[in-house]
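Written out below as C-alpha cells is the structure these notes cover.
In our numbering, the protein residues as written are 28 to 875.
Rendered as C-alpha cells:
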C-alpha cells in the first residue's frame, strides 16, 4: 500500500529544487516563509527538511520555543501552520529571525493577521512558490506507483479531477493503486477519496461551506449574487473566497475542482444542500438570469426537488429548443411540485417524440384548461395525429385551434387526403405578427397547393423557401411535417434529387422540428440513397434509424418500404419474404395520403415480385381515387404510375403495363422528369416484347440516370442487352449498364474483363478464392445467396446462359465432383472474402 505523500519530491517542483539546495549545504543560512493553500506540499516540505538536517546531525525544532528558552545557533526551526499561532508566538519567531536564527515558517495565505505579516516580512520567499502540479508533474507523481507509471489516460483523469492539487493527487493515486478501479479509467473518483475530504470541509466555516455548495452547482456566479445568497457584502464574500482558497478547496482562479465538487455534494447534509440551491435558483430567477445551466448542474444530485416550480418552468423554456426531453422532465417536475400541467409541457413531450404522452396530456387539457391553453393543446394533438396518419381528425383540430400557423397546417392536411377546401385560408388571419414560424407555415401550404395545380419548379421553390425560414430557429417548432421533408418528397417526385438531398442535409444539421422529425428526415435521406442505387448506404442508415426507437406509423411505413426496396434491388428474395408481413401491417396502420405514395408504389412492386399484389390493390385503388379527387396532378401521379408499370411487368399483366405507359405519356409534356419516365416506360415495354432499339434504350437509360434513378437506368440497359440478338448492340448496352451503375466495362467480344485475373481480389493467397476471376467471385456470392441464374444475370447484366457457363467453369477449376461440393467451397470463399473486406455475409438460402 502506498503512503499518503509522494515517496520522493516531484522533479520540477519548488520542494524538489529547495531540497536539492539544502541537501548540498545543510548548515547554510536559511530563513524562508512558505505561503500556500492547504494540500500544496508545505507539511511534506518541512518533513523532508527535518529529515535532511537530522541526518546531518543538526538539531531540529518543530514548535516555537518560549521566550526564556535559549535556541542553539545551529538549530533549525521548522514551524507549520503559522497562521494558527497566537500573537506572542509570532512575535517570538520574528525576534529569532531578526537575531539570525535559521527557520522556515509555513502558513496559509488566509487569515491575513498583522502579526503574521510582520513575521513574513522579515523572511525571504522561496525562489519558486508552491503551486499545483502541471499535467506532467501529476503524471510523474502517479509514476511513483507500480502499475500507474504507464497510464497517460489515467494521469489525465487524475489531473482533471484534482486540478493538480498535490494533496488530492496523492489521495487519488493511493485509491487507484489500492485497486479501487477496473481495467479502464474510472468515470468518477472512488468514494473513499471523497470521504478523505470530509475533515477539510469540516475545517472551514459554515458560510464557507455554503459558498462551496453554491459553487458546486457548476455555474459561474457573480459576487453580488453570492452576496445575496450568503447575506453578505462584497468584502465579506471576498473573505469567504479567500478562506476556501486557503483551505485548498478552491483554486487560485476561484474554480472548484470536480473532486471537491463531488465531495461537497456527497458529504453535505441534504437539508443544507437543498436550502442553498433553492435560494440560489430563486435569486437567479429574480435577476432574470439563465436557469438551465444551474438546474442542469444540480439535477444529478437531486437538486430539482429543491427548485420551486417557477424555476423549473423557466429552465424548461430555456431547454425546449435544444433539449426537449429535458424540458419535458422539468415540466413534469414542476407539475409534481404543484404547478398545473400546461400546453407547453405537452409541446415539449411531443417534440421529444413521445406522442403517446403528448396526446394524453393534450386531450386532458382540451377538456379542462383555459381557452388559450386549450388552443395550444389542440395544436399539439393535431400534430401528433398527423404523424400517426389520422389526417382527418388532425385537420379538424388545426382548424379549431385558430393559432397563426394552424390554418396553413389544416390546408396541407386536407390536400394530403384529397379533400381540399378551396375557400380555406392558408394561414390564420389573427392579426399576429408574421413570425418565422407563421411565414414558413404559409409558404408550406402554398408549396403543397402548387404541387397539385402548378408547375413542379414553383412548388419545389416555395417549399425550399419555407424550409430555409425554419433553419435558424426551428428546433422548438412542432410540425405535422417539415417543409424540408415535403420539399424532399417533391424533389424525388420530379427528379431533383440533388435539391432534395441538400434541403434534408440542412434540416438535419439545424435540427428543425426537434427529435420528433429526426427519423422523418433521415428516412428520406436513405430513400434518396436507394433511388441512386446506393443500397449499402441506404440499408446502413435504416439500421441506425430503427436502433432502439419505436417509429410512428408514417415513419414505419417508409422504413418498411425502404427495407424491402433495398432487398429488391439486391435480389434478396428471402429478405422480401421476411419483411412483407411487417410491410402489410404498416400499410394497414397508416391511411393512404399524398405524402406516402412513394412507399406505397415501392410496396406494389414488391407485392408483384412476391405474387401478392391483390392484397395491396385496395390501397392502390384508394391512392388512385385520392389523386383523382385532386385532378390527377402529374407531380404526384407520375412516380406511382412508374411503380405500377414495374408491378404490372412482374405480375405478367401486359394490358395494365400498357395503361401505365399511356398515363405516363399523357403527362410527358408537364415536366422534364415526366418526359424522361414516360420515354423509359415505353422503351421498357418494347424491350420486354423483344423490340430493342439500342439508341433509344440508351437514351432512355441515360435520362433515368440524369434524374437520379440510377438503379433503374442500369437495369433498363441490362434488360435490353440480354434480350437483343445483335452482339454489338448487346456489348454496347452492357457497357452502358455498367457505366450507369459504376461498374467496369466489358471487353470486346462480350467477355467480362478479368481485372482481378486469377488472383485473390482481397489480397489473400490461400483457399479457392485465388483461383476465381473477379466476375466469378461476383457470381459465387450471388449463387451462395440463393439467386437463380436469371436473377444473377439481371443483377450482373449478363444472360442466364453466361451465368451457367461461369458456374460450370468454377466447378471444373475447383475440381468439384458435385454441385454440393462446389456450393460448400463457394460458401467458404465468400465468407473469407466478406470477413477480410469487413463486409457482411449473404444469408444462406436454397439455390434454385
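Ideal Cβ positions, reconstructed from N, Cα and C, are used throughout, including at glycine.
7 Å CB neighbourhood of residue i in its chain, flanking five on each side removed
i           : result
residue 704 : 665, 669 and 691
residue 584 : 613, 614, 617, 623 and 626
residue 94  : 119
residue 518 : 487, 524, 526 and 527
residue 902 : No information on residue 902 is available, as it lies outside the stretch 28 to 875 that the chain covers here.
Three-state secondary structure (DSSP) of residue i
i           : result
residue 106 : strand
residue 391 : helix
residue 88  : strand
residue 377 : helix
residue 279 : coil
residue 132 : strand
residue 151 : strand
residue 219 : helix
residue 42  : helix
residue 760 : helix
Length of the line joining the Cα atoms of residue i and residue j
i           : j           : result
residue 371 : residue 219 : 44 Å
residue 461 : residue 500 : 15 Å
residue 674 : residue 842 : 42 Å
residue 723 : residue 355 : 59 Å
residue 444 : residue 577 : 25 Å
residue 185 : residue 811 : 54 Å
residue 535 : residue 545 : 7 Å
residue 440 : residue 407 : 15 Å
residue 708 : residue 735 : 16 Å
residue 148 : residue 121 : 9 Å
residue 424 : residue 312 : 36 Å
residue 387 : residue 190 : 49 Å
residue 232 : residue 345 : 35 Å
residue 62  : residue 301 : 35 Å
residue 137 : residue 234 : 15 Å
residue 676 : residue 659 : 23 Å
residue 506 : residue 323 : 27 Å
Nearest residue (CA-CA) to residue i, options the options
i           : options               : result
residue 180 : 542, 163 and 192      : 163
residue 289 : 306, 244, 395 and 270 : 244
residue 745 : 733, 735, 758 and 224 : 758
residue 16  : 254, 107, 571 and 760 : Outside the shown range of the chain, which is 28 to 875, sits residue 16, and nothing can be said about it.
residue 382 : 393, 550, 414 and 353 : 414
residue 352 : 240, 687 and 373      : 373
residue 203 : 229, 324 and 171      : 171
residue 647 : 671, 658 and 310      : 671
residue 158 : 336, 713, 66 and 334  : 66
residue 607 : 621, 619, 473 and 635 : 635
residue 401 : 380, 422 and 430      : 430
residue 418 : 397, 392, 442 and 198 : 442
Cβ-based neighbour list, residue i, same chain, cut-off 8 Å, excluding 5 preceding and 5 following
i           : result
residue 806 : 819, 823, 830, 833, 834 and 837
residue 98  : 88, 92, 104, 123 and 128
residue 221 : 286, 289, 290, 293 and 294
residue 470 : 489, 490, 492, 493, 496 and 510
residue 17  : Summary: the structure shown does not reach residue 17, with the chain confined to residues 28 through 875, and so no result is reported for it.
Residue environment, residue i, which counts as buried when at least 16 other CB atoms sit within 10 Å
i           : result
residue 247 : exposed
residue 752 : exposed
residue 563 : exposed
residue 632 : buried
residue 284 : buried
residue 42  : buried
residue 331 : buried
residue 654 : buried
residue 84  : exposed
residue 165 : buried
Close-in-space but distant-in-sequence residues of the same chain around residue i (CB under 6 Å, 5 per side omitted)
i           : result
residue 57  : 129
residue 738 : 560 and 596
residue 732 : 740 and 767
residue 483 : 521, 662 and 698
residue 80  : 53, 87 and 103
residue 656 : 445
residue 389 : 373, 404, 407 and 408
residue 376 : 355, 384 and 385
residue 77  : 87 and 105
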